[in-house]
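One structure below.
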Amino acid sequence: MTVIAIPKILQDKLTPEGAEALVEIINKADEKAKENIVEMVEEKFEKRLAQVEARIIKWMFIFWVGQISVLTGILFAFFRK
1 MTVIAIPKIL
11 QDKLTPEGAE
21 ALVEIINKAD
31 EKAKENIVEM
41 VEEKFEKRLA
51 QVEARIIKWM
61 FIFWVGQISV
71 LTGILFAFFR
81 K
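So the sequence shown is numbered by the numbering used here: it starts at 1 and just counts up by one.
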């Protein structure tokens, strides 16, 4: 938690209770902003992770199709002779 120093003149105008309430409001706003940032970064990470997963599945499928094609060609050539 951050420490907020309230200037003496502001404390005199607000009274100690008012200054304490102001600090609480600022701290709550700061915590809410941090939570929003964490949620936003989490959503971006999940989206990027899903994109990477889709690309991996695509390339894995292409790899296996290629492997099956090569194996079929080798078996065809072997049994033809």
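Positions of the beta carbon are idealized from the N, C-alpha and C atoms, including for glycine.
The structure presented is a predicted model; accordingly, all values stated were derived computationally and were not measured.
- Using a Cβ distance threshold of 8 Å, L22 and I6 count as a contacting pair.
- Taken through DSSP and simplified to helix, strand or coil, V3 comes out as coil.
- Under the three-state reduction of DSSP, K32 is assigned to helix.
- Judged by DSSP in its simplified three-state form, K44 adopts helix.
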